[in-house]
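Residue numbers (full-length UniProt numbering): 1 to 763. The C-beta atom is built at its ideal place from N, Cα and C for all residues, glycine as well. All values reported here derive from a predicted model rather than from experimental measurement. Down below is the structure, laid out as structure tokens.
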Amino acid sequence: MREDISDSDSDDNVKRVVRSVKDKRFEAMRECVDKIESGRRSNNWVVIATEFDKLTKIVAKSQNVIKQAGMPTFYIRSLVSMEDFVKSAQDDKDAKKKMNANSAKSMNIMKQKLRKNNKAYEKEIEEYRKKGGKKGRKAAERALKDDQGDDDGFTTVGKGGKPVTYTTENMFKKLREIVVARGKKSTDRQEQINVLRELLKVSVTPFQKIRVLLILISAQFDVATGISGYMNIDLWKGAENDINQLMSILEENPQFVIDEAAAEPVTDDQEYDTIRGSIVSFVDRLDDEFTRSLQNMDPHATEYVERLKDENTLYAVIVRVQAYLQTKNLVENQCRVIMRRLEHVYYKPDQVAAIAEKTALETLPSSVVATVASADKSIAQLVKELSVFLYKNATPVLRTRAMLCHIFNYALRGSYFEARDMMLMSHLQDTIVQADINTQVLYNRALVQIGLCAFRLGMLKDAESCLQDISSSGRVKELLAQGVQHQRFGASNPEQERLERQRQLPFHMHINLELLECVYLVCAMLAEIPTMAKAVSLPEARKRINSKPFRRLLDFSDRQAFVGPPENTRDHIVSASKALLNGDWQLCQQRIREIKIWELMPEAEQIKEMLANKIQEDALRTHLFANGGYFSTIYLKDLGALFELSDQKVQKLVARMIFEEGLQASLDQPRNLLVMQRVVPTPLQSLALALADKVSLMTDDNERALDVKLGSDRMSGSRDGQQRDGQRGGRGGRGGRGGRGGRGGRGGRGGHQGRGRRQEDAE
């Protein structure tokens, strides 16, 4: 006869009887039903949908058992409850609006699957509703009240129906079991969180609460989905509340210290002051999950705005942890938290940052606010104070990031010279290629912000030089981490694209790319149009191309058979450029003023007025370069009247053109005249000069082709030619290729031009 198989438990010896297939199947179904009920209580649709899929698979595997024993009543009751729950959730429109994307998606999927699944059980569901529905619901409500009514501890049914009781006596033992089970495949993470919350309820001393909270917060972050997803918002808020609860306990009991370097306890029988853990890692993870949730949301939906409101509470947590670390003098961890705080402040305008700072600090205890803030401190002072602390105490990576945030904030507030000087003194432009990608993105953002700051102050050349590299790269989105640029011919693989998307900044931190392009093209227009006019009379000026994207834009427009009225920003700038090149500066001003993107910049009217003045000045430069050669003298007052500029301004511009830009003219100040000194070549002379340049280039190309064709024979001919050059003059040449020396004889190609003459002198 077969004996029962027994196993010894750590608490007591309990015999475990081999169960039948029916018991195993029904027990697995009951576990799924219980988890669905737990998900309903917490309104967690992701858990509900996941467990319902498991339940459906178990039912499909248990068809033979169900045919023999019949469908269990608890399964039908669960289907009925789910129908009612889904219907009530669909009718509650306010709750649906507040629901996050994952929950809404899971609810819709659950609705479809439940409708499809329940078609096979319509008769059983109808009978249950008629006969036992009310009784079943009342029994379930009574069972729920009985479960929630015990204050001293709570009882859970474990495997095999064995009751499991959690009390203060076995708390640390259960904590060890949970820690050991973390990371295993078979571990139910949601169930672990539920157990930890019940352990938190029965914990009495601050030490017990701290130990439970440290594991509970970590367990909630374990539930977060994979790399491409993000943490459930309700779970995120639960973790945030638990961190605040932990900080309250630590503030009320200053004898306890949370330290990463603390030794692992040998026994849990007695309390100790230094507890092993990392509050900073909780802050890092909470902040990262917040960013990931924003990355995965539609930035134009109300859901994104609602989620963005949680930044104030997150910022309050960061400030609170900073104050705690400051009192414990944990400098290394304090630097990490301060960097997080700085990254939430540096990119915001002063007005927005001040409101966010005030709102966040209002939720904190007065002792914390007194430690980390003062009433009369401005945002500029706050950013400077945080940055200086990191300069003195942080690691090189954090120092670099703090400096870039400080530079960005300077440029955002219009302090161009401070931002420029700090960037140049840091020498980051020489070492940034060795930094990590996130730091390189921050460097690009700071550089772009400096360029925009220079533009707002009217320093267009400085603005163009700052924006040149990024705007002409063709990868602006990638360089600023604001999107993924699809590569041609499949150059990037899916893994690279996934990593790029992980590095994307949330939408509210983006720099407007259309505004950036508009600023760069306007700066390029005012720099390139006078250069193009200068190239008409000076062929050597044609080689000077400062902005290739702008030139390509003009060339593309010139190739069009028909050009309609301007519609977008680029069209307006191209139309303004052509008007400026033709001398119609008033039309150029009109086209630039019509661009609507200027309204996104602060003090838009002042910027438009500044650009109008710059257009008048560059129209004068364009006119003198293009048509100055046709005049012998020009009255400065006539130039001023033509472009509506004062005589003093005209004289200043002309003097600068003569000194810096090579204008062949001189000023006759007594008569207020501009005397032109350059003679414009005739069309025939211009064509002859162009032909000479082309012939010279063709000769060089032929000589290079001959070098490639002759190869080694050429080298021997070069040596023979060097020997004959002393007697016949030789053709000479440049280096090993030869050149146009004396034509006394063919000689060898490739001899040095002066070598034959030196041999003759020696003889």
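Assign residue i to one of three DSSP states: helix, strand, or coil.
i, result
"R276", "strand"
"D259", "strand"
"T633", "strand"
"Q504", "coil"
"I233", "helix"
"E644", "coil"
"I210", "helix"
"S203", "coil"
"M99", "coil"
"P602", "coil"
"A561", "coil"
"S24", "Here residue 24 is Lys; the residue named in the question, Ser, does not match the sequence. If DSSP states are grouped into helix, strand and coil, K24 belongs with the helices."
"R475", "coil"
"L485", "Note that residue 485 is Gln in the sequence shown, not Leu. Reduced to three states, the DSSP call for Q485 is coil."
"P549", "helix"
"K119", "helix"
"R420", "helix"
"V369", "helix"
"S42", "helix"
"R285", "helix"
"E660", "helix"
"V452", "The sequence shown places Leu at residue 452, not Val. The answer is helix: DSSP assigns L452 an H, G or I state."
"S185", "Residue identity differs from the one stated: residue 185 is Lys in this sequence, not Ser. K185 falls in the coil class under three-state DSSP."
"D298", "coil"
"N493", "coil"
"V223", "coil"
Could you pull the start and end residues of the beta strand (DSSP E) that residue i belongs to?
i, result
"E666", "In the sequence as displayed, the identity of residue 666 is Ser instead of Glu. Here the beta strand (DSSP E) through S666 covers A665 to D668."
Which value, in whole angstroms, describes the spacing of the CA atoms of residue i and residue j?
i, j, result
"L554", "M532", "11 Å"
"K184", "D222", "11 Å"
"D236", "N43", "Reading off the sequence shown, one finds Trp at residue 236, where the question assumed Asp. Whole-angstrom Cα-Cα distance: 14 Å."
"S20", "V65", "10 Å"
"Q351", "K534", "46 Å"
"M657", "V650", "11 Å"
"E644", "Q616", "8 Å"
"Q208", "V202", "9 Å"
"F631", "M676", "7 Å"
"N409", "L452", "12 Å"
"residue 777", "N102", "Outside the shown range of the chain, which is 1 to 763, sits residue 777, and nothing can be said about it."
"I592", "M459", "17 Å"
"T327", "M247", "13 Å"
"I125", "L79", "8 Å"
"L505", "Y315", "17 Å"
"M403", "Q449", "14 Å"
"E495", "I437", "16 Å"
"R129", "L216", "40 Å"
"L653", "E661", "11 Å"
"residue 765", "L581", "Residue 765 falls outside the range modelled here, since the chain spans only 1 to 763, and no answer is possible."
"H427", "F417", "16 Å"
"D638", "R445", "45 Å"
"S415", "C405", "14 Å"
The alpha helix (DSSP H) that contains residue i, what's its start and end?
i, result
"I432", "That residue, I432, is in no alpha helix (DSSP H); it is neither H nor E in DSSP."
"F172", "M171 to A181"
"I318", "D310 to K328"
"P396", "P396 to L412"
"A89", "T73 to D91"
"T167", "Note, T167: premise wrong, no alpha helix (DSSP H); not H, not E."
"Y346", "Careful: Y346 lies outside any alpha helix (DSSP H) and carries neither H nor E."
"H572", "T569 to L581"
"A49", "W45 to K61"
"K384", "I379 to N393"
"I595", "Where I595 is concerned, there is no enclosing alpha helix (DSSP H), given that its DSSP letter is neither H nor E."
(request) Only counting runs of 3 or more residues, tell me where the beta strand (DSSP E) segments fall wholly within the stretch 673-699, in order along the chain. (result) 673-676
(request) Say whether the stretch 376-383 touches the stretch 342-352, bearing in mind that this needs 3 or more beta-carbon pairs closer than 8 Å, one atom from each stretch. (result) yes
(message) Count Cβ pairs between the stretch 247-255 and the stretch 290-305 that sit closer than 8 Å; are there 3 or more?
(response) no
(request) State whether the stretch 277-294 contacts the stretch 325-337, with contact taken as three or more CB pairs (one from each stretch) at a distance under 8 Å. (result) yes
(message) Closer than 8 Å is the cut-off here; do at least three beta carbon pairs connect the stretch 85-92 with the stretch 116-124?
(response) no
(request) Say whether the stretch 583-602 touches the stretch 496-504, bearing in mind that this needs 3 or more beta-carbon pairs closer than 8 Å, one atom from each stretch. (result) no
(request) Kindly confirm or deny that the stretch 21-38 and the stretch 59-77 touch, where touching means at least three C-beta pairs closer than 8 Å. (result) yes
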